[in-house]
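Chains as they are written, first to last, in my numbering: chain A, 187 to 551; chain B, 2 to 276.
From the three backbone atoms N, C-alpha and C, an ideal C-beta is built for every residue, glycine too.
Note that the coordinates shown come from a computational prediction; the quantities given were computed from them, not determined experimentally.
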Amino acid sequence: MAVVTLEGLSKRYDSGSAQAVDGVTLTVADGEFMVLLGPSGCGKSTTLRMVAGLESITSGALAIDGARMNDVPAKDRDIAMVFQSYALYPHMDVMGNLAFGLRRRAVPKAEIERRVRDVAATLGLADLLARKPYQLSGGQRQRVALGRAIVRDPKVFLFDEPLSNLDAALRVSMRGELIRLHQRLKATMIYVTHDQVEAMTMGSRICIMNRGRVVQIGAPLDVYRRPANTFVAGFLGNPPMNLLPARVAAAQEGLEVGALALPLERAAHLPPGMPVTFGVRAEDVAEVPHPRAAGGGIRLAAEVATVEPLGAETILGLQIQGSERDVMARVGRDSRARRGDRIEAWLDPAAVQLFDAATGDVIPA
Amino acid sequence: MLNLRSLVRAGTILVLCVYTAFAAGPFVWAATLSLRTTSEIALDHFALPGILHWEKFPAAWYGSNYHVYFGNSLFVVLTAVAVVTVAGAMAAHCFARYRFRLNRVVYFAIFSTIIFPPQITILALYQILVQYGLYNSLVGLALVYVAIQLPLTVYILESFFARIPSDLFDAARMDGYSEWEIFWRVSLPIAFPAIATTVILNTILLWNEFLYAVVLITDDNNRTLPLGIQRFMGDQLEDVGMIATGLMIAIVPVILVYAFFSEKLIQGMTAGAVK
């Protein structure tokens with residue numbers, strides 16, 4: 187049982203400087219895998235370090251299971267952390283690294299031995315116990331770092347970009363291992379990353395941060411489908427959501443995007459002439475003919491500017507008259523489109539998101 | 002191609018041989034002198050020893066009070082090196098690890114003291130030691146040694162501690178260790194190569210130290226080895242043979258320390274102690 191509550195958590199390094207973390211309020215439920223996601227410098231790591239007790243809290247409250255933790259030293263919070271650099275003690279072998287935390291906690295020797303061997307066996311480290319960190323590969327070091335956290339059986343696990351030093355293939359397999367680990371331990375975990383794929387695949391919920399503030403919290407698919415503002419829309423997804431400057435049309439129901447007039451019922455209740463940002467995901471744009479296009483929707487003429495065949499799918503960059511930015515479209519792998527082709531594109535009006543151009547916030551449908 | 006390579010190799014070996022002869026020559030010469038009597042030496046300075054006068058070593062050791070000088074040197078140097086290593090490492094750890102006001106100011110204040118030549122500080126030191134009743138005492142000399150070697154020790158160790166990734170300390174804190182334990186169980190073992198460097202440096206420097214010793218020690222029973230050797234240098238007569246024997250006795254511990262710690266030093270560096 188461990189519920190972590192952050193209430194208005196803030197961090198300011200020097201009295202003159204800006205807030206590194208600004209009023210983060212977040213509740214991580216028991217057994218939840220919460221991912222803090224954001225670009226580098228957004229305050230996610232600092233937030234995590236405040237939870238860990240490695241960084242003092244300037245203001246706000248941190249509680250674990252309702253008990254205030256602001257002034258409790260890191261070692262008494264019953265939290266384990268996995269660092270990006272693994273932070274293995276170079277002068278100790280794997281056994282020593284795994285046992286180091288337990289030795290301090292006056293766990294009997296036989297018990298330490300048993301727990302270390304247990305964890306080593308589950309992580310595939312049993313044959314490496316006598317090795318020093320410099321004799322291990324990146325993936326093995328990562329496992330040792332993970333094992334060091336697991337062996338302590340803490341209330342809360344913290345991960346600070348643990349996979350970012352691994353190569354791409356290893357990262358994918360470690361991602362799977364971490365997901366299984368979470369399912370097995372059912373522990374509360376807080377995971378910091380700037381990698382949206384990690385966030386989408388691993389998180390029970392994602393907390394997106396920008397400039398020290400929480401931008402949006404929600405289940406991965408909810409956040410993906412219903413971004414709270416243009417920052418989230420442009421950050422999540424690969425390619426990110428298409429965001430085009432637009433204006434509510436004065437004459438008829440719809441929008442003016444570039445030189446195009448798009449019919450859109452939802453724009454009807456907005457004041458004519460209001461500047462908005464028009465957002466649509468690449469997978470909601472298609473090349474006509476397309477089964478989804480048969481039931482109506484918005485059709486527009488476009489010129490193919492770029493073609494990125496990815497194997498399983500192809501990403502087209504479409505140039506629309508009068509718009510500076512290309513609209514990215516995720517089309518089937520058998521698309522025949524070539525650069526310079528003039529095609530008819532279709533987009534799903536139900537998937538369109540409108541954002542206030544001034545604030546960037548989403549305009550509710 | 003092969004010829005050129007072996008030529009280069011031969012040249013390198015030749016240069017190394019010449020340099021070794023240059024560096025080791027005086028040492029070997031002193032070693033031969035240590036086994037010859039002064040009258041033999043007077044006949045021919047560079048002859049190899051005909052009869053090996055091993056008895057000169059016990060004669061110097063007991064007859065010329067070397068066992069006392071040796072013990073004094075051992076006490077002073079061991080004490081000073083132990084204190085300077087522990088105190089220096091602690092100071093360096095703090096300077097490298099903790100953010101506090103005036104961190105850099107204090108650090109540079111300590112480091113800047115190395116610009117003063119000993120001739121400037123020695124008068125003041127003399128007066129201080131006299132006032133505190135430490136003049137002519139081994140403890141007093143050891144304290145002076147600690148003071149003069151501390152800045153360099155802090156400087157060397159600070160730069161090393163600063164390179165240890167801070168994640169390691171954070172991990173140890175999460176593992177439940179106090180700052181004090183982290184210093185002993187994480188910082189020190191990781192910094193062992195740097196510590197070995199300072200131990201070698203300080204031991205050799207202090208073992209051979211003469212100026213402070215000659216000013217601050219007058220009692221024969223408190224002399225350190227360099228002062229003991231100096232005793233054989235009279236105005237009229239110099240017992241060259243005995244001086245050489247004394248030198249040999251004095252050199253042995255330095256070689257032992259170097260051999261032991263440099264082995265560890267190389268081990269530490271090749272083992273990738275950090276990262």
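Go through its chain and collect everything with a Cβ distance to residue i's Cβ below 6 Å, but skip five positions before and after it.
i	result
Leu309 (chain A)	Arg329 and Gly333
Ala285 (chain A)	Ile298 and Val302
Ala97 (chain B)	Glu159, Phe162 and Ala163
Ala81 (chain B)	Ala143, Tyr146, Val147 and Leu207
Using a Cβ cut-off of 8 Å (strictly closer), state whether residue i contacts chain A.
i	result
Leu103 (chain B)	no
Pro190 (chain B)	yes
Pro166 (chain B)	yes
Met317 (chain B)	Given a span of 2 to 276 for chain B in the structure shown, any question on residue 317 (chain B) remains unanswerable.
Asp171 (chain B)	yes
Val187 (chain B)	yes
Tyr99 (chain B)	no
Tyr70 (chain B)	no
Leu135 (chain B)	no
Pro50 (chain B)	no
Tyr259 (chain B)	no
Tyr156 (chain B)	no
Tyr178 (chain B)	yes
Using 8 Å as the limit for Cβ to Cβ distance, is residue i near chain B?
i	result
Ile376 (chain A)	no
Pro276 (chain A)	yes
Gly144 (chain A)	This structure cannot speak to residue 144 (chain A), because chain A is shown only from 187 to 551.
Ala543 (chain A)	no
Lys566 (chain A)	Given a span of 187 to 551 for chain A in the structure shown, any question on residue 566 (chain A) remains unanswerable.
Met267 (chain A)	yes
Gly287 (chain A)	yes
Arg397 (chain A)	no
Leu352 (chain A)	no
Ser201 (chain A)	no
Ala273 (chain A)	yes
Arg290 (chain A)	yes
Leu240 (chain A)	yes
From the DSSP output, which residues share a beta bridge with residue i?
i	result
Pro431 (chain A)	A:Thr463
Ala249 (chain A)	A:Thr191 and A:Arg254
Ala266 (chain A)	A:Phe343
Phe219 (chain A)	A:Met375
Ala148 (chain B)	None; Ala148 (chain B) has no bridge partner.
Asn283 (chain A)	DSSP lists no partner for Asn283 (chain A).
Ala488 (chain A)	A:Ile529
Glu182 (chain B)	BP columns for Glu182 (chain B) are empty, so no partner.
Glu239 (chain B)	B:Met234
Asn415 (chain A)	A:Asp547
Met514 (chain A)	A:Gly503
Ala447 (chain A)	A:Glu442
Arg198 (chain A)	A:Gln205
For the beta strand (DSSP E) that residue i lies in, which residues bound it at each end?
i	result
Glu499 (chain A)	Per DSSP, Glu499 (chain A) belongs to no beta strand (DSSP E) and is neither H nor E.
Trp532 (chain A)	Arg528 to Leu533
Val400 (chain A)	Arg399 to Gly404
Phe541 (chain A)	Gln539 to Asp542
Gly209 (chain A)	Gln205 to Val214
Asn396 (chain A)	Arg391 to Asn396
Where does the unbroken alpha helix (DSSP H) through residue i begin, and where does it stop?
i	result
Phe71 (chain B)	Tyr67 to Arg98
Trp55 (chain B)	Premise fails: Trp55 (chain B) is in no alpha helix (DSSP H) and is neither H nor E.
Glu384 (chain A)	Gln382 to Met388
Arg575 (chain A)	The structure shown does not extend to residue 575 (chain A), since chain A is modelled only from 187 through 551, so no value can be given for it.
Met278 (chain A)	No alpha helix (DSSP H) contains Met278 (chain A), which DSSP labels as neither H nor E.
Leu202 (chain B)	Phe193 to Trp208
Val471 (chain A)	Unbroken run through Val471 (chain A) is the beta strand (DSSP E), Val471 to Glu473; no alpha helix (DSSP H).
Arg291 (chain A)	Taken as a continuous stretch (DSSP letters only), Arg291 (chain A) belongs to no alpha helix (DSSP H), as it is neither H nor E.
Ile218 (chain B)	Neither: Ile218 (chain B) is in no alpha helix (DSSP H) and is coded neither H nor E.
Leu121 (chain B)	Note that residue 121 (chain B) is Ile in the sequence shown, not Leu. Pro119 to Gln132 is the extent of the alpha helix (DSSP H) around Ile121 (chain B).
Sorted by chain position, which residues of the same chain lie with C-beta nearer than 7 Å to residue i's C-beta, five sequence neighbours on each side aside?
i	result
Phe417 (chain A)	Asn396, Val401 and Gly546
Ala215 (chain A)	Val189
Ser509 (chain A)	Leu430, Val443 and Gly444
Who are the Cβ neighbours of residue i in its own chain at under 8 Å, not counting the five residues just before and after it?
i	result
Leu49 (chain B)	Thr33
Glu193 (chain A)	Thr211, Gly246, Ala247, Leu248 and Ala249
Pair every Cβ in the region 145 to 158 of chain B with every Cβ in the region 194 to 208 of chain B, then say whether three or more of these pairs are closer than 8 Å.
yes
Do three or more CB pairs link the region 135 to 145 of chain B to the region 179 to 194 of chain B at distances below 8 Å? no
* Should the region 187 to 195 of chain A be called in touch with the region 231 to 251 of chain A, which here means at least 3 C-beta pairs below 8 Å? -> By the Cβ rule, the region 187 to 195 of chain A counts as touching the region 231 to 251 of chain A, because three or more pairs are nearer than 8 Å.
| said: Any contact between the region 253 to 268 of chain A and the region 164 to 177 of chain B? By contact I mean 3 or more CB pairs, one from each, below 8 Å. | reply: yes
Check whether the region 24 to 36 of chain B touches the region 520 to 532 of chain A, taking contact to mean three or more Cβ pairs, one atom from each stretch, closer than 8 Å.
no
- Task: Assess, as a yes-or-no matter, whether the region 356 to 375 of chain A is touched by the region 200 to 209 of chain A under the definition of 3 or more beta carbon pairs within less than 8 Å.
- Result: no
Does the structure place the region 4 to 14 of chain B close enough to the region 203 to 216 of chain B that three or more beta carbon pairs sit under 8 Å? no
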